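*Asks:* Next up is a structure, given as structure tokens.
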Amino acid sequence: MRSIWKGSVAFGLVNVPVKVYSATEDHDVSFHQVHAEDGGRVRYQRRCEVCGEVVSYDQIAKAYDSEDGQRVILTAEDFKSLPEGIKHEIEVLQFVPNEQIDPILLDKSYYLEPDSRSPKAYTLLRRTLQETDRTAVVHFSLRQKTKLAALRVRGDVLVVQTMIWPDEVREAEFPALQEEAAVTDKELAMSASLVESMAEDFDPSAFTDTYTAELKQLLEDKLSGGESFTATETEEKESGDVVDLVAALRRSVEERKRAREAS
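Structure (structure tokens):
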């Protein structure tokens, strides 16, 4: 794994140097779009709506449009000027009981590796969380965004799980839930009996992504069954010299017209 962020966890006067790693990875199969008739790659151009030119990545900036239609452009220097954006510190705001963190708030998970010659401060924080059954609510900046997160223990490692902000959680306002449906004691007892018959200790390794496995097998069958071909790719240009789409279409129409007249 490669570290994506270096900083420290700060709680009180204790400072814990750490490296941050993504704790999860995506195993989905990646696809791209092609022309169904000849298998040619379909690409998209980043074309400016004002001048019509194709824009390279190094010419692209971020902009914000206000409600009254005004636009401001922010550069990389603008983002660096924000104090919160340059802090490399995971600040502990409070320690809360583990069960008080609503799972709906949890987003991405990151491992924290001790980043000092002596991991004593790291071990101290980990054992303190374990023995007090507490989760640390922390605040830090990652990829130019301020994050609220839960710092907890998983095995022997500290894990930070970023959280969405409370105002980003929608209220479940469904008319069907406004009145409680009548449930009899017998129905409730039978339902509880069914739950008990299916009760087990949770083992995530017992479950597999069958769709992805079947998809990979389908791809393997096509590759080994003679349905594949060698793709020829043309290099995508990033300059403004790319032929204008409308002009290319117009020439195509004219060439088709000349071919019909000549036949």
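Going letter by letter, the sequence shown gives residues 1 to 263 in this note's numbering. Just so it is clear, CB atoms sit at the ideal spot from N, CA and C, and this is done for glycine as well. All figures in this text were calculated on a predicted structure; none of them were measured in a lab.
In chain order, what residues of the same chain have a beta carbon less than 7 Å from the beta carbon of Trp165, not counting five sequence neighbours either side?
*Replies:* Same-chain partners within the cutoff: Leu148.
*Asks:* Could you tell me which residues DSSP puts in a beta bridge with Asn15?
*Replies:* BP columns for Asn15 point to Ala10.
*Asks:* Identify whether Lys60 lies in helix, strand or coil by the three-state DSSP scheme.
*Replies:* A small correction: the amino acid at residue 60 is Ile; Lys does not occupy that position in the sequence shown. Residue state, collapsed to three classes: coil.
*Asks:* Flag this pair as touching only if the region 88 to 103 and the region 133 to 142 have three or more C-beta atom pairs under 8 Å; answer yes or no.
*Replies:* With a cut-off of 8 Å, the region 133 to 142 and the region 88 to 103 count as touching, because enough Cβ pairs lie within range.
*Asks:* Do the region 46 to 55 and the region 107 to 122 touch if we need at least three Cβ pairs shorter than 8 Å?
*Replies:* Cβ pair count under 8 Å is below three, so no.
*Asks:* Could you tell me if Met163 is buried or exposed, where buried requires 16 or more neighbouring beta carbons within 10 angstroms of its beta carbon?
*Replies:* It counts as buried.
*Asks:* Taking just the CA atoms, how far does Ala231 sit from Gln33?
*Replies:* So the two alpha carbons sit approximately 13 Å from each other.
*Asks:* Which of helix, strand or coil does DSSP assign to Arg43?
*Replies:* Three-state result, Arg43: coil.
*Asks:* Can you give the Cα-Cα distance for Ser224 and Ala199, rounded to whole angstroms?
*Replies:* Their Cα atoms are separated by approximately 43 Å.
*Asks:* Short of 7 Å in beta carbon distance, which residues of its chain neighbour Ser109, apart from the five on each side in sequence? Order them along the chain.
*Replies:* Around Ser109: Ala23, Thr24, Val159 and Gln161.
*Asks:* On the DSSP bridge list, what partners appear for Met163?
*Replies:* In DSSP, Met163 forms a bridge with Leu106 and Leu148.
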